[in-house]
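Numbering (the numbering used here), first residue to last: 399 to 598.
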């Protein structure tokens, strides 16, 4: 697990280290999240949706965002964020800590008002599930260590002179099972209220 995170950090460092300063910007991101999942159980060899196993809860994530501008108003977006995800139901109280590494295409408009631009992005994330707890019990051996999600988002950017404030909403559509048990599947998803500050 640590080797995978180290390799991801090396790749990001190499990529952004080769960019020109005027094309590159880095910022801090904080985001409350609304977490929920798609749960299925295995019946007669097939997975069927199990509404009774659905769960959800509030979470929080934060970290670094980085954008590389390769054309006017077009950016390659990445970063690294720590996400505390909570899933509560009548049967369990699951907390999963995930390291998210997004890779997305970000687009923004010209100014629609003084210092204000509209932006949108889409792409995917690598999700490294580093720890899990059910109630007070550590269940790291019951989760898959690596997952992927598709991401779609939109928002606005405001220039304050010494930097840019981003505020937006993004949807993260999980594509992989977070639990290792084969008897059921739990596909995590979340909405994120994204607040970021990019330094000039």
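For each residue, glycine too, the CB sits at the ideal point set by N, CA and C.
Beta-carbon proximity check, residue i vs residue j, cutoff 7 Å
i: residue 455; j: residue 484; result: yes
i: residue 553; j: residue 565; result: yes
i: residue 464; j: residue 494; result: no
i: residue 479; j: residue 461; result: yes
i: residue 583; j: residue 572; result: no
i: residue 503; j: residue 555; result: no
i: residue 578; j: residue 538; result: no
i: residue 475; j: residue 519; result: yes
i: residue 592; j: residue 429; result: yes
i: residue 600; j: residue 508; result: No answer is possible for residue 600: the residues shown for the chain start at 399 and end at 598.
Distance, residue j Cα to residue i Cα
i: residue 526; j: residue 546; result: 9 Å
i: residue 678; j: residue 569; result: Examination of residue 678 is not possible in this model, given that the chain is present from 399 through 598 alone.
i: residue 466; j: residue 421; result: 6 Å
i: residue 468; j: residue 522; result: 19 Å
i: residue 499; j: residue 530; result: 18 Å
i: residue 490; j: residue 563; result: 38 Å
i: residue 506; j: residue 596; result: 14 Å
i: residue 560; j: residue 492; result: 41 Å
i: residue 536; j: residue 576; result: 15 Å
i: residue 501; j: residue 524; result: 8 Å
i: residue 548; j: residue 437; result: 18 Å
Own chain partners of residue i with C-beta closer than 7 Å, once the 5 adjacent residues on each side are dropped
i: residue 510; result: 516
i: residue 473; result: 465, 466, 467, 504
i: residue 426; result: 462, 594, 595
i: residue 419; result: Caution applies to residue 419, whose pLDDT of 49 falls short of 50 and renders its modelled position unreliable; the model cannot decide the point.
Other residues of its chain near residue i: CB distance less than 8 Å, five sequence neighbours each side excluded
i: residue 433; result: 454, 455, 456, 457, 483, 484, 485, 586, 587, 588
Sequence-distant residues of its chain with Cβ nearer than 6 Å to residue i (five each side left out)
i: residue 481; result: 459, 496, 498
i: residue 574; result: 545, 546
i: residue 581; result: 440
According to DSSP, residues forming a beta bridge with residue i
i: residue 562; result: 557, 596
Enumerated in chain order, which unbroken segments of the beta strand (DSSP E) with a length of 3 residues or greater are wholly contained in the stretch 493 to 543? Runs of the beta strand (DSSP E) inside the stretch 493 to 543: 514 to 532.
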